[in-house]
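*Asks:* Using our numbering, the first residue of the sequence shown is number 365, and each one after it goes up by one.
Backbone N, C-alpha and C fix where the C-beta goes; we use that ideal spot for every residue, glycine too.
Encoded as structure tokens, here's the structure I'll be asking about.
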Amino acid sequence: MQIAGESELVQSVGTDTTKAPAPSVATEGIKLSEFRNAWHRSIVRTMIAFQQENHHRLGADVLAETLGWSRDSVIDEAKKAPELNVEENFGKAIVTLA
């Protein structure tokens, strides 16, 4: 039984698939940072798009629904983005562009 993508792996490594290089910690770190950068860009782009529609403040719930993320993920990522501000009051989180 052939697994999808197996032929490409065999062609690139040869017939012995055990010689395929294992991912290093550094390589995995780069992938994780690229993934985080993509999240960062997604949330900032979404805020800019909403601002163009004259919505300068968005609830974290609205962003979560728009992006398909959890509310907590939106808040965490927005706090990490220097372009965004997060105001938390009485259990509600509002995200604004800085």
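Once the 5 residues before and after Gly423 are set aside, which same chain residues still bring their CB inside 8 Å of it?
*Replies:* What you label residue 423 is simply residue 59 of the sequence shown in a count that begins at 1. Lys456, Ala457, Ile458 and Val459.
*Asks:* Looking at the strands, I want to know which residues DSSP matches up with Glu451.
*Replies:* Within the sequence shown, the letter at position 87 stands for residue 451. BP columns for Glu451 point to Ile458.
*Asks:* Using the Cα positions of Ala405 and Asp425, report the straight-line distance between them to the nearest angstrom.
*Replies:* Working through the sequence shown from its first residue, we reach residue 405 at position 41. Working through the sequence shown from its first residue, we reach residue 425 at position 61. Looking at the sequence provided, one finds Arg at residue 405 rather than Ala. C-alpha separation (whole angstroms): 18 Å.
*Asks:* Let me confirm a value: Glu441 is counted as buried when at least 16 other C-beta atoms fall within 10 Å, else exposed. Which label applies?
*Replies:* As a first step, residue 441 is located in the sequence shown; it is residue number 77 there, counting from the start. Of the other Cβ atoms in all chains shown, 16 or more fall within 10 Å of the Cβ of Glu441; this residue is therefore buried.
*Asks:* Hey, how far is the Cα of Gly432 from the Cα of Lys443?
*Replies:* The sequence position of residue 432 within the sequence shown is 68, counting from 1. The sequence position of residue 443 within the sequence shown is 79, counting from 1. One C-alpha to the other measures close to 18 Å.
*Asks:* In the DSSP output, what is Leu422 paired with across the bridge?
*Replies:* Counting from 1 along the sequence shown, the entry for residue 422 is found at position 58. Val459, per the DSSP bridge assignment.
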